[in-house]
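A.B. asks: Supplied in structure tokens, the structure appears directly below.
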Amino acid sequence: MTKTRKTIGVMVGGITDDFTRFLCKGLREAAKEQDVNMVVLPGKFLDRDYAQNTDIMYEYQYDTLFSSVQKGRLDGIIVAANCIGCYTTKERMVEFMHHYDGIPCVLVSSDLEGYVNVSYDNDRGIRQGIDYLVQDLHYTKIGMVGGPKENSDAMERKATFESALWKNGILPQEKRYVEGDLTGNAHSTYARLLDDNPDLEAVFCVNDETAAGFYEELKARGLMPGRDISVFGYDDTEWCSQIYPTLSSVRADVSKLGSKACELLCRMMQGEKVSSVRLPTDLVIRNSFCRGNQEEVDARNDVLEKYESMNHWADELFGKQKRVNFEMKNFILKLLCFEKGTDQSFGEILATMEWLKIHNAFLYIYEEPVIHLNHELFQMPEQLLLKARELHGNVENIPAIHQKKKAKNIFRFSRLGMSDRAWMVTLPLYANEMLYGILVCDLTDEVLEYGEFLSNQISAAVKMLNLLKNNEDIQKQLEESLYVLKENNLELETLSKKDPLTGICNRRGFFEYAEPMLKKARAAEKTFLVLYADMNNLKIINDRYGHEEGDYSLHTIAEILAEIVQKEQTGDGVVARIGGDEYACALMTEKKKELLLQELYDAFTVRNEQSDKPYNVTVSIGACALEPGDEHSLADALSLADEQLYEVKKLRKKDVAKIPLQA
């Protein structure tokens, strides 16, 4: 009987950061030794406020990957809990981990009670650093850039830092400690530390990324690390010996965390009882520690060697980047060549990924796109459509009758045709709040570097295919509708001016009735007002409450617009539905457009308050007033109103429920 290879899930915060990259390096080697499949699930960060940065405001969709982790789908999980939870509380992290009760689990660099954990011995390396600064360099004014108080590693490093100062007879001062965010972007934090402590002699940074950001702040002030202020970091990432001046750092080999975590989890899955492990750390001294006159001598002696080394490294980097830029452009061009939204196009998507050295991949699409707003609970659909797969470099489209796959089997790689051991990553396919599916593919070194770019571009391609397919379906429906109309000998001339759903005019009727009204207004030297209205959130109402409720909403908008327009007694008026959720109004009026717009918005407010529907029906409206003497055409006025509508829509709320949905 053939032994089934076990599959381990690795839950991390992001795919392209240094921690994940080095963790995966150790995991990959250990998975090979243990002969297990491994799939990395790069979520992001629980409870992070994405709305503050428009560049990343939809990255919360990465967290939906964690919903694929369920008992029976994976044999065990390795969780970088401190990384995932660096923006949230310990209590929230405990609640998060309870979702995976019953699955063998090992945490990496985290200390949640009740879990086996592989972490660093933070104490040793940090103490070595402080001892060196005090005893060898005779410093007494030492500061620290720490991490969030919710991060146990950051708090342990702070405690060790303060303890080491006490041991050396130095009283820790509150103003010499600032809390960063574990990235190199907290420049206001670095600035506060330097402004409040102009006499600082040395600074310990909670990790190397923080140290890199602190370097930038020092150099911006004309200060040189290693000459004016000594600096040391934590992790000893590979670029510590490449930046200038080279960074002293506590060597904490992340890859060893990964390999040890894999070893412990495999033993746990075999029924063994295992305990938490702490791995040793050591200080690596480089040029970011001031060395007085000797440093100046060393710098003079090393300058030519460093210059030649940096030139060679820069040439290699430039050549690599040039090749990558070419591959990226070629990749994007291939993804933009689709003409039809057919299933064959999904195979073409997988065929574009060879530049990332991907040889195995599975492209899953949800049967219908899913709207997922931030902070809402997400549950992966029980069934997905496997549109295409790549095995050993051979891409094939899956016939429609074989596409349906149960979500519980998406990580059972042998059932999907893979005979070799799997080393994979799962990436979300999304556009803003719309989720389309997932991509499961080989986790190569190239994917570790460009994985988010890959996810973004494949997502854009899938969205394009979805739009093309919808357009083709609509075109087909239109053709069928026209055929039925002709077959039944309907009064096409009348119907062509009327919207069948709401009973008001359609686009053609709008222009036919509004054009003579505009001429009449100009002859009478009256103001002619053109409105362009757009229903807010029709897609959300259709998906959550049903298409009948969507139709009801469209009809309600037509009624309210018609009521307000008909109340104007100064001339003729017309109301039309000119698109799926778009309306146009035209009328002669003596009112200011702002007053009429307010009457419209008030009418919607009253209708929603009186309605027993669980949702609000709202619109965004743009307006253009053609005053006497204004020569703009009706089409011009509609375009100007549409431009104003575009600005108004930026302020619309995306939640329609009268009682907000609970996350």
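Quick note: the working numbering has the sequence shown finishing at residue 1901, numbered continuously throughout.
Glycine included, each C-beta is placed from N, C-alpha and C at the ideal position.
1. I need the straight-line Cα distance from Leu1792 to Glu1394, nearest angstrom please.
2. For Ala1289, I'd like the list of residues in its chain whose CB is within less than 6 Å of its CB, leaving aside the five on either flank, ordered along the chain.
3. With a Cβ-Cβ cutoff of 8 Å, do Leu1588 and Val1515 count as a contact?
4. So, with DSSP's three-state summary, where would you put Val1813?
5. From Gln1804, Asp1474 and Glu1476, pick the residue whose C-alpha is nearest to that of Ile1742; which is it?
6. To the nearest angstrom, how far is the alpha carbon of Glu1797 from that of Ala1626?
7. Give me the residue from Ala1499, Gly1496 and Val1522 with the minimum Cα distance to Thr1484.
8. I'd like the list of long-range same chain contacts for Leu1883, defined as Cβ closer than 7 Å, with 5 residues on each side in sequence excluded.
9. Please look up how many angstroms separate the CB atoms of Val1488 and Thr1519, rounded, as I've assumed it's under 8 Å.
10. Are the Cβ atoms of Gly1384 and Glu1412 separated by less than 8 Å?
11. Could you please give me the residues that DSSP links to Asn1355 through a beta bridge?
12. Can you tell me which of the three DSSP states Ala1440 falls into?
13. Indicate the three-state DSSP secondary structure (helix, strand or coil) for Met1591 in the structure shown.
14. Among Ser1849, Asp1419, Leu1716 and Asn1445, whose alpha-carbon lies nearest the alpha-carbon of Pro1386?
15. Less than 8 Å between the C-beta atoms of Lys1831 and Ala1863, yes or no?
16. Less than 8 Å between the beta carbons of Ala1268 and Ser1497, yes or no?
17. Does the beta-carbon of Leu1677 have 16 or more other beta-carbons within 10 angstroms, so that it is buried, or is it exposed?
18. State buried or exposed for Lys1396, treating a residue as buried only when at least 16 other CB atoms are found within 10 Å of its CB.
19. Considering only residues of the region 1436–1508, which uninterrupted alpha helix (DSSP H) runs meet the minimum length of 4 residues and lie entirely inside it, listed in chain order?
20. With DSSP as the reference, label Lys1896 as helix, strand or coil.
21. Out of Glu1454, Asn1406, Lys1405 and Leu1403, which one is the CA nearest neighbour of Asn1423?
22. Can you grab the Cα-Cα spacing for the pair Asp1850 / Ile1779, in whole Å?
23. Round the Cβ separation of Val1274 and Lys1244 to the nearest angstrom and send it over; I've been treating them as touching at under 8 Å.
24. Per DSSP, what are the beta-bridge partners of Arg1330 in this structure?
25. Assess contact between the region 1355–1373 and the region 1328–1339, defined as three or more Cβ pairs (one per stretch) separated by less than 8 Å. Is contact present?
26. Suppose the cutoff is 8 Å on Cβ atoms and the five residues either side in sequence are ignored; what does the same chain contact list for His1550 look like?
27. Could you tell me whether the region 1733–1753 touches the region 1814–1822, using the rule of 3 or more Cβ pairs below 8 Å?
28. Please list, in chain order, all residues of the same chain as Arg1659 whose beta carbon is under 8 Å from its beta carbon, the five residues on each side excluded.
29. Kindly indicate if chain C contains any beta-carbon less than 8 Å away from that of Ile1316.
30. Where DSSP assigns a beta bridge to Arg1516, which residues make up the other side?
31. Please look up how many angstroms separate the CB atoms of Ala1451 and Thr1475, rounded, as I've assumed it's under 8 Å.
32. Please tell me whether Ala1449 and Tyr1377 are closer than 8 Å, where the distance is taken between their beta carbons.
33. Quick one: grab the DSSP three-state call for Thr1427.
34. Give the range of the alpha helix (DSSP H) segment to which Asp1789 is assigned.
35. Hey, quick one: how far does the beta strand (DSSP E) through Tyr1602 stretch, first residue to last?
36. Taking its Cβ as the centre, do 16 or more other Cβ atoms sit within 10 Å of His1610, making it buried, or is it exposed?
C.D. replies: Taking the structure as given:
1. Your numbering for residue 1792 matches position 554 in the sequence shown. Your numbering for residue 1394 matches position 156 in the sequence shown. If I take the Cα positions, the gap works out to 58 Å.
2. Your numbering for residue 1289 matches position 51 in the sequence shown. If we look at Ala1289 and ignore the five residues flanking it on each side, its Cβ neighbours are Met1295.
3. Position 350 of the sequence shown, counting from 1, holds the residue named residue 1588. Position 277 of the sequence shown, counting from 1, holds the residue named residue 1515. For Leu1588 and Val1515, no; Cβs fall outside 8 Å.
4. Walking along the sequence shown from the start, residue 1813 turns up at place 575. Strand at Val1813.
5. Position 504 of the sequence shown, counted from the first residue, corresponds to residue 1742. Relative to the Cα of Ile1742, the nearest Cα in the group Gln1804, Asp1474 and Glu1476 belongs to Gln1804.
6. Counting from one through the sequence shown, the residue named residue 1797 turns up at place 559. Counting from one through the sequence shown, the residue named residue 1626 turns up at place 388. A direct Cα-to-Cα measurement between Glu1797 and Ala1626 gives close to 47 Å.
7. Indexing the sequence shown from 1 puts residue 1484 at position 246. If we check each option's Cα against that of Thr1484, Val1522 comes out closest.
8. Locating residue 1883 in the sequence shown gives position 645, counting from the first residue. Cβ-Cβ distances below 7 Å link Leu1883 to Tyr1770, Asp1772, Ser1858, Ile1859 and Gly1860 in the same chain, with the five nearest sequence neighbours on each side left out; the list follows chain order.
9. To locate residue 1488, count along the sequence shown from 1; it is residue 250. To locate residue 1519, count along the sequence shown from 1; it is residue 281. Right, the Cβ-Cβ distance comes to about 5 Å (below 8 Å), so this counts as a contact.
10. One-based indexing of the sequence shown puts residue 1384 at position 146. One-based indexing of the sequence shown puts residue 1412 at position 174. Their beta carbons are not under 8 Å apart, which means Gly1384 does not touch Glu1412 by this criterion.
11. Position 117 of the sequence shown, counting from 1, holds the residue named residue 1355. According to DSSP, Asn1355 bridges with Leu1345.
12. By 1-based counting over the sequence shown, the position of residue 1440 is 202. Ala1440 sits in a strand when the DSSP states are folded into three classes.
13. Taking the first residue of the sequence shown as position 1, residue 1591 is located at position 353. In the structure shown, Met1591 sits in coil (DSSP, three-state: anything other than H, G, I, E or B).
14. What you label residue 1386 is simply residue 148 of the sequence shown in a count that begins at 1. Its Cα nearest to that of Pro1386, the residue Asp1419 stands out among Ser1849, Asp1419, Leu1716 and Asn1445.
15. For the purposes of this step, residue 1831 is taken as residue 593 along the sequence shown, with counting starting at 1. For the purposes of this step, residue 1863 is taken as residue 625 along the sequence shown, with counting starting at 1. Cβ atoms of Lys1831 and Ala1863: closer than 8 Å.
16. Here residue 1268 is taken as the residue at index 30 of the sequence shown, counted from 1. Here residue 1497 is taken as the residue at index 259 of the sequence shown, counted from 1. Result yes, Cβ atoms of Ala1268 and Ser1497 sit closer than 8 Å.
17. Looking up residue 1677 in the sequence shown gives position 439. Flag for Leu1677 reads buried.
18. Indexing the sequence shown from 1 puts residue 1396 at position 158. Buried, since its Cβ has 16 or more Cβ neighbours within 10 Å.
19. Complete alpha helix (DSSP H) runs here, min 4: 1446–1458 and 1492–1507.
20. Here residue 1896 refers to the residue found at position 658 of the sequence shown. The DSSP-derived three-state label of Lys1896 is coil.
21. Taking the sequence shown and counting its residues from 1, one reaches residue 1423 at position 185. Measuring from the Cα of Asn1423, the nearest candidate turns out to be Glu1454.
22. Taking the first residue of the sequence shown as 1, we reach residue 1850 at position 612. Taking the first residue of the sequence shown as 1, we reach residue 1779 at position 541. Cα to Cα, Asp1850 sits roughly 15 Å from Ile1779.
23. Within the sequence shown, numbered from 1, the residue matching residue 1274 stands at position 36. Within the sequence shown, numbered from 1, the residue matching residue 1244 stands at position 6. Yes, Val1274 and Lys1244 are in contact; Cβ-Cβ is about 5 Å, under 8 Å.
24. Counting from one through the sequence shown, the residue named residue 1330 turns up at place 92. The beta-bridge partner set that DSSP reports for Arg1330 is empty.
25. No, the region 1355–1373 is not in contact with the region 1328–1339.
26. Your numbering for residue 1550 matches position 312 in the sequence shown. Bear in mind that the predicted position of His1550 carries a pLDDT of just 47, short of 50, making it too unreliable to give a figure here.
27. The answer is yes - the region 1814–1822 touches the region 1733–1753, with three or more Cβ pairs under 8 Å.
28. Along the sequence shown, read from residue 1 onward, the residue named residue 1659 stands at position 421. Arg1243, Ala1269, Lys1270, Asp1273, Val1274 and Asn1275, listed in sequence order.
29. Here chain C cannot be found, since the structure has a single protein chain.
30. In the sequence shown, counting from the first residue as 1, residue 1516 sits at position 278. In the DSSP secondary-structure assignment, Arg1516 is bridged to Ser1357.
31. For the purposes of this step, residue 1451 is taken as the residue at position 213 of the sequence shown. For the purposes of this step, residue 1475 is taken as the residue at position 237 of the sequence shown. The identity of residue 1451 in the sequence shown is Gly, whereas the question assumes Ala. The C-beta separation of Gly1451 from Thr1475 comes to about 13 Å, leaving the pair out of contact by the 8 Å criterion.
32. Your numbering for residue 1449 matches position 211 in the sequence shown. Your numbering for residue 1377 matches position 139 in the sequence shown. In this structure, Tyr1377 does not lie closer than 8 Å to Ala1449 by Cβ.
33. The residue labelled residue 1427 in the question sits at position 189 within the sequence shown. DSSP places Thr1427 in helix when its eight states are reduced to three.
34. Here the question's residue 1789 lines up with position 551 in the sequence shown. First-last of the alpha helix (DSSP H) with Asp1789: His1785 to Lys1805.
35. Position 364 of the sequence shown, counted from the first residue, corresponds to residue 1602. Residues Ala1599 to Ile1609.
36. As a first step, residue 1610 must be located in the sequence shown, where it is residue number 372. That one is buried.
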